[in-house]
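Residue numbers (our numbering), protein chains in the order written: chain C, 1 to 93; chain U, 101 to 193; chain L, 201 to 293; chain E, 301 to 393.
Beta carbons: idealized from backbone N, C-alpha and C, even for Gly.
Computed from a prediction, not measured in an experiment: that's the story for all the values here.
One structure is given below, encoded as structure tokens.
4 protein chains.
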Amino acid sequence: MHGYTGDKDNYLKRLARIEGQVRGLARMIEEDKYCIDILTQISAATKGLQAVSLRLLDEHLKHCVAEALSEGGKNADEKVREASEAIARLVKS
Amino acid sequence: MHGYTGDKDNYLKRLARIEGQVRGLARMIEEDKYCIDILTQISAATKGLQAVSLRLLDEHLKHCVAEALSEGGKNADEKVREASEAIARLVKS
Amino acid sequence: MHGYTGDKDNYLKRLARIEGQVRGLARMIEEDKYCIDILTQISAATKGLQAVSLRLLDEHLKHCVAEALSEGGKNADEKVREASEAIARLVKS
Amino acid sequence: MHGYTGDKDNYLKRLARIEGQVRGLARMIEEDKYCIDILTQISAATKGLQAVSLRLLDEHLKHCVAEALSEGGKNADEKVREASEAIARLVKS
Numbered sequence: 001m002h003g004y005t006g007d008k009d010n011y012l013k014r015l016a017r018i019e020g021q022v023r024g025l026a027r028m029i030e031e032d033k034y035c036i037d038i039l040t041q042i043s044a045a046t047k048g049l050q051a052v053s054l055r056l057l058d059e060h061l062k063h064c065v066a067e068a069l070s071e072g073g074k075n076a077d078e079k080v081r082e083a084s085e086a087i088a089r090l091v092k093s
Numbered sequence: 101m102h103g104y105t106g107d108k109d110n111y112l113k114r115l116a117r118i119e120g121q122v123r124g125l126a127r128m129i130e131e132d133k134y135c136i137d138i139l140t141q142i143s144a145a146t147k148g149l150q151a152v153s154l155r156l157l158d159e160h161l162k163h164c165v166a167e168a169l170s171e172g173g174k175n176a177d178e179k180v181r182e183a184s185e186a187i188a189r190l191v192k193s
Numbered sequence: 201m202h203g204y205t206g207d208k209d210n211y212l213k214r215l216a217r218i219e220g221q222v223r224g225l226a227r228m229i230e231e232d233k234y235c236i237d238i239l240t241q242i243s244a245a246t247k248g249l250q251a252v253s254l255r256l257l258d259e260h261l262k263h264c265v266a267e268a269l270s271e272g273g274k275n276a277d278e279k280v281r282e283a284s285e286a287i288a289r290l291v292k293s
Numbered sequence: 301m302h303g304y305t306g307d308k309d310n311y312l313k314r315l316a317r318i319e320g321q322v323r324g325l326a327r328m329i330e331e332d333k334y335c336i337d338i339l340t341q342i343s344a345a346t347k348g349l350q351a352v353s354l355r356l357l358d359e360h361l362k363h364c365v366a367e368a369l370s371e372g373g374k375n376a377d378e379k380v381r382e383a384s385e386a387i388a389r390l391v392k393s
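And the structure:
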């Protein structure tokens, strides 16, 4: 069980939409669409991925990290370190 | 003809890889993979999209914008404005 | 007491350096320096701020959020919600 | 003469505000302000720097790059390459 388990359908629906956007990007390249329109579509897909990651992270903090912290001990430190590293990757990407 | 026309195969290969990563994300959710591993995979897909957009933008400046500027006139201003707006969307996403 | 309290000097030193970089930016504008060099200096200052924020957030999770979670109750939820919102602001800025 | 030359006062005013925000950050640390409030202020300063850089880049494209491109030759390629690299640094920071 993870933070996102209760809401899988919503995540899968969002990811299916993003997958469709990426497939649409390939089609735009094949059909010689205008560069700026392709860039706009890339921004949309990127924003979609960002929204998924922020939501996953929120649920991860609320469930996995919260649980580890309420139990305390070494695992709690590890969970926070891991979450901080994931946040840094998100911020830098 | 656009800036990317001469290099379509490379773009299509990159986009196919990103599409595979997004499909992989859905599978990770279905298989209850660990949140942090999913976030790492999202960062990889996001970086892939970012690389495509930076490359597209570079070629767009080199070809479409350069051509409009060498012709001068109203279209040149429009092309620069359009490129600046696309850059702002990239920076903010 | 906050997560950063034990390490104030380090934060103040980093912020003094960033303040110097921003003042340097104004000087570059006044002295008509080349746009690209100014942009490079802006990226350095932005990266400096980003590093400070990632570190603050890490310490915040380790101390303030961890404490609230180990005590449980309504305050714990509030702390996680607040942290998630701060992360979203960082990711989007 | 650079793209920003005609609008120096505006840039200097924005940078003075950002410098004040960074100095305010140091004061918040000294006065043991709450981590989340410090993070909010960092986001504001970062957004301020981002707005300055997007504007500088827009003017750089409109003036320096446009001029080099209308003259053509090797310098034009160099200017576009330089601008693309600056954009990549902005997008990644």
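Count the other CB atoms, across all protein chains shown, that sit within 10 Å of the CB of residue i; report buried if there are 16 or more and exposed otherwise.
i, result
"Tyr211 of chain L", "buried"
"Glu359 of chain E", "buried"
"Thr46 of chain C", "buried"
"Tyr104 of chain U", "buried"
"Lys174 of chain U", "exposed"
"Lys313 of chain E", "exposed"
"Gly148 of chain U", "buried"
Over the uninterrupted alpha helix (DSSP H) stretch that includes residue i, give me the two end residues.
i, result
"Tyr4 of chain C", "It is not in any alpha helix (DSSP H) - Tyr4 of chain C carries neither H nor E in the DSSP assignment."
"His163 of chain U", "Taken as a continuous stretch (DSSP letters only), His163 of chain U belongs to no alpha helix (DSSP H), as it is neither H nor E."
"Asp232 of chain L", "Taken as a continuous stretch (DSSP letters only), Asp232 of chain L belongs to no alpha helix (DSSP H), as it is neither H nor E."
"Ser384 of chain E", "374 to 392"
When every heavy atom of the ligand ADP is checked, does at least one fall within less than 7 Å of the C-beta of residue i?
i, result
"Ala151 of chain U", "Ligands in the displayed structure: none, and consequently the ligand ADP is not present."
Using a Cβ-Cβ cutoff of 7 Å, what residues of the stretch 135 to 153 of chain U are near chain E? List them in chain order.
Gln150
Can we say the stretch 32 to 49 of chain C touches the stretch 183 to 193 of chain U, given the rule of at least three CB pairs closer than 8 Å?
yes
What are the residues in the stretch 161 to 179 of chain U lying within 8 Å of chain E by C-beta distance?
Leu161, Lys162, Val165, Ala166, Leu169, Ser170, Gly172, Ala176, Asp177
I want to know whether the stretch 256 to 275 of chain L touches the stretch 222 to 235 of chain L - three or more CB-CB distances under 8 Å.
no
If contact is defined by three or more beta carbon pairs under 8 Å, each pair taking one atom from either stretch, is the stretch 315 to 323 of chain E in contact with the stretch 202 to 219 of chain L?
yes
Just by C-beta distance, which residues in the stretch 107 to 123 of chain U are closer than 8 Å to chain C?
Within the stretch 107 to 123 of chain U, contact with chain C at the beta-carbon level (separation under 8 Å) is assigned to Lys108, Tyr111, Leu112, Leu115, Ala116, Ile118, Glu119, Val122, Arg123.
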